[in-house]
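Undergrad: Before we start, here is the structure in question, set down as structure tokens.
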Amino acid sequence: MTVFDLPGLEKRSRELTEKTLGEGFWERADSLDVSRELASARTRIDEFMGFEKELGDLEALAEMLSEADDAELQTEFYDRAKRLEDAMSSKRIYVLMDEEYDISSAVVSIHAGSGGLDSQDWCEMLCRMYIRWAESHGYGVLVLDELRDQEAGIKSVTFEVKGDFAYGYLKGEQGVHRLVRISPFDAAHRRHTSFTSVEVLPILPDSVEIEIRPEDLRTDTYRSSGAGGQHVNMTDSAIRITHIPTGIVVSCQVERSQHMNRAIAMQVLRSRLFERTQRERREQIESLQGEKRAITWGSQIRSYTLQPFQLVKDHRSNFGVGNVRAVLDGELDELIMAYLRFAKTGRASGSSDADPGEE
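For the sequence shown, counting from 1, position 206 maps to 332 in our numbering; every step adds exactly one.
Have a look at this one:
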């Protein structure tokens, strides 16, 4: 079922509704997941029905205009047609998001690379960029863990972006991001290159089974270093969980309750173990096919150049944006759309405003 499959959506909505009417539904572990999916399906059905109704009204107006030359009616027709076109265009991106967990909320982790204060500052800039993008699209943002440097910037940060299709939008942001600029930390005002890695994971429904054995976990508690009031900072409420077989470490310090922080950390751990399994499966298939893909710190997916010219360039879709400041302020939609089209079709979209000197 795709996001624009109306019969499929209606069938799924009926199935989910039947589940909610079942005895003991709210005692089930997946009750919240089912409720969220049902609400999302109903919202999309309502959008479809609204489009269909408006299209029918416009057809009726067009028929009336063919019989009578009415300037007022003509103005209404073109105004309503433009609003319908804009509304449908805003939903067009969902055609590109038909993978299983695209509708999910997302967990974003950003880690500073080599480059000292410049990379840590770049990590903080990227965090701000994604949070501004998320908030401008009506998503909720919850910072789960943050490791700041005493001098400047962020060494690492993890936050959740809550809302339908957050993962579908952001999944293409995973990879290494490169910044080229005059360093504000260099007294000689030299140009520096900084690298930061971004990881994006879906928040998995409870119905997805991920085996995590208690004996494979090591749990440490510590005092929260972030904001949250006296209670948070004076008690060992923060949680760090290490999955011993894989070495994956997750932390959460956002809640006052140690129990709540553990629940959130386990949710992130499930997502990371799921992603690891999927990645190993892809690598196995690629090795059987004889494909080789470089997975190195230098294989950046996107470059943000502030000096000697202004350009954000996605190296996969070949799409570029000249207004770097706008991108860093959260205006990512063009880059996201260009990547999703590239991922779906395999064709680079080109760059309408790229500097000819950019490689």
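Think of the CB as a built atom: it goes at the ideal place given N, C-alpha and C, for glycine as much as any other residue.
Please go through the same chain and pick out, in chain order, the residues whose beta-carbon is closer than 8 Å to the beta-carbon of Leu-454, but skip the five residues on each side of it.
TA: By 1-based counting over the sequence shown, the position of residue 454 is 328. Excluding positions up to five away in sequence, the list reads Met-251, Arg-254, Met-255 and Tyr-430.
Undergrad: Is the Cβ-Cβ distance between Gly-289 and Tyr-265 less than 8 Å?
TA: Residue 289 sits at position 163 when you count from the first residue of the sequence shown. Residue 265 sits at position 139 when you count from the first residue of the sequence shown. Closer than 8 Å, so yes.
Undergrad: Lys-439 bridges to which residues according to DSSP?
TA: Here residue 439 refers to the residue found at position 313 of the sequence shown. Its beta-bridge partners are Ser-429 and Gly-446.
Undergrad: Using a threshold of 8 Å, state whether the C-beta atoms of Tyr-340 and Asp-159 are closer than that.
TA: Here residue 340 refers to the residue found at position 214 of the sequence shown. Here residue 159 refers to the residue found at position 33 of the sequence shown. Looking at the sequence provided, one finds Pro at residue 340 rather than Tyr. Not a contact, by the Cβ cut-off of 8 Å.
Undergrad: Once the 5 residues before and after Thr-347 are set aside, which same chain residues still bring their CB inside 8 Å of it?
TA: Position 221 of the sequence shown, counting from 1, holds the residue named residue 347. If we look at Thr-347 and ignore the five residues flanking it on each side, its Cβ neighbours are Asp-362, Ser-363, Ala-364, Ile-365, Arg-366 and Gln-384.
Undergrad: Apply the 10 Å Cβ neighbour rule to Arg-473 and answer buried if 16 or more other Cβ atoms are within range, or exposed otherwise.
TA: Within the sequence shown, numbered from 1, the residue matching residue 473 stands at position 347. The residue in question, Arg-473, is exposed, as its Cβ has fewer than 16 Cβ neighbours within 10 Å.
Undergrad: Mapping the DSSP letters down to three states, classify Arg-138 as helix, strand or coil.
TA: What you label residue 138 is simply residue 12 of the sequence shown in a count that begins at 1. Arg-138 falls in the helix class under three-state DSSP.
Undergrad: Helix or strand or just coil, what does DSSP make of Ile-421?
TA: One-based indexing of the sequence shown puts residue 421 at position 295. Unreliable positioning characterises Ile-421 in this predicted model, as indicated by a pLDDT of 36, which lies under 50. The coordinate reading is nonetheless provided below. Ile-421 falls in the coil class under three-state DSSP.
Undergrad: Check each candidate in Glu-163, Thr-319, Lys-281 and Arg-382 and name the one with the smallest Cα separation from Gln-246.
TA: Counting from 1 along the sequence shown, the entry for residue 246 is found at position 120. Of Glu-163, Thr-319, Lys-281 and Arg-382, the residue nearest in Cα terms is Lys-281.
Undergrad: Going residue by residue through the segment 196 to 279, where are the continuous beta strand (DSSP E) segments of at least 3 residues, counting only ones entirely within it?
TA: 232 to 238 and 266 to 274
Undergrad: Return helix, strand or coil for Phe-321, following the three-state DSSP convention.
TA: As a first step, residue 321 is located in the sequence shown; it is residue number 195 there, counting from the start. Strand, per DSSP.
Undergrad: What residues in its chain sit with their C-beta under 6 Å from that of Thr-319, if we drop five residues either side in the sequence?
TA: Here residue 319 refers to the residue found at position 193 of the sequence shown. So the list reads Val-306, once near-sequence residues are dropped.
Undergrad: Nearest-angstrom Cα distance between Arg-168 and Lys-137?
TA: For the purposes of this step, residue 168 is identified with residue 42 of the sequence shown, where counting begins at 1. For the purposes of this step, residue 137 is identified with residue 11 of the sequence shown, where counting begins at 1. Cα to Cα, the separation comes out at about 11 Å.
Undergrad: Under the three-state reduction of DSSP, which class applies to Ile-462: helix, strand or coil?
TA: Start at 1 with the first residue of the sequence shown, and residue 462 comes out as number 336. Ile-462 falls in the helix class under three-state DSSP.
Undergrad: What's the gap between the Cα of Asp-172 and the Cα of Ile-257?
TA: Working through the sequence shown from its first residue, we reach residue 172 at position 46. Working through the sequence shown from its first residue, we reach residue 257 at position 131. One C-alpha to the other measures close to 29 Å.
Undergrad: With burial defined as no fewer than 16 other Cβ atoms inside 10 Å of the residue's Cβ, what is the status of His-303: buried or exposed?
TA: On the sequence shown, position 177 is the one that residue 303 refers to. With 16 or more other Cβ atoms within 10 Å, it is buried.
Undergrad: Between which residues of its own chain and Arg-344 is the CB-CB distance below 8 Å, once the five residues before and five after are set aside?
TA: As a working note, residue 344 is residue 218 in the sequence shown. Closer than 8 Å at the Cβ level, and outside the excluded window around Arg-344, lie Ile-367, Thr-368 and Ile-370.
Undergrad: By Cβ distance below 7 Å, which residues in the same chain neighbour Arg-442 in space, the five residues on each side in sequence not counted?
TA: On the sequence shown, position 316 is the one that residue 442 refers to. Once the five neighbours on either side are set aside, the close Cβ partners of Arg-442 are Ile-427, Tyr-465 and Phe-468.
Undergrad: How about the segment 177 to 190 and the segment 205 to 222: do they share at least three Cβ pairs that are nearer than 8 Å?
TA: yes
Undergrad: In angstroms, rounded to a whole number, what distance separates the CA positions of Glu-406 and Ala-165?
TA: One-based indexing of the sequence shown puts residue 406 at position 280. One-based indexing of the sequence shown puts residue 165 at position 39. Roughly 34 Å between the two C-alpha positions.
Undergrad: Could you tell me if Arg-140 is buried or exposed, where buried requires 16 or more neighbouring beta carbons within 10 angstroms of its beta carbon?
TA: Translated into positions along the sequence shown, residue 140 becomes position 14. The residue in question, Arg-140, is exposed, as its Cβ has fewer than 16 Cβ neighbours within 10 Å.
Undergrad: Would you give the residue range spanned by the beta strand (DSSP E) that Ile-374 belongs to?
TA: As a first step, residue 374 is located in the sequence shown; it is residue number 248 there, counting from the start. Segment 374 to 378, the beta strand (DSSP E) holding Ile-374.
Undergrad: Exposed or buried, what is Trp-152 when buried is set at 16 or more other beta-carbons lying within 10 Å of its beta-carbon?
TA: Here residue 152 is taken as the residue at index 26 of the sequence shown, counted from 1. So Trp-152 ends up on the exposed side.
Undergrad: Just the Cα atoms here: how many angstroms apart are Gln-404 and Gln-433?
TA: Against the sequence shown, residue 404 aligns to sequence position 278. Against the sequence shown, residue 433 aligns to sequence position 307. Using only the alpha carbons, I get a separation of about 38 Å.
Undergrad: Among Leu-187, Leu-399 and Val-438, whose alpha-carbon lies nearest the alpha-carbon of Tyr-204?
TA: Indexing the sequence shown from 1 puts residue 204 at position 78. Considering only alpha carbons, the answer is Leu-187.
Undergrad: Please classify Val-283: does DSSP put it in a helix, a strand, or coil?
TA: As a position in the sequence shown, residue 283 is number 157, starting the count at 1. Val-283 falls in the strand class under three-state DSSP.
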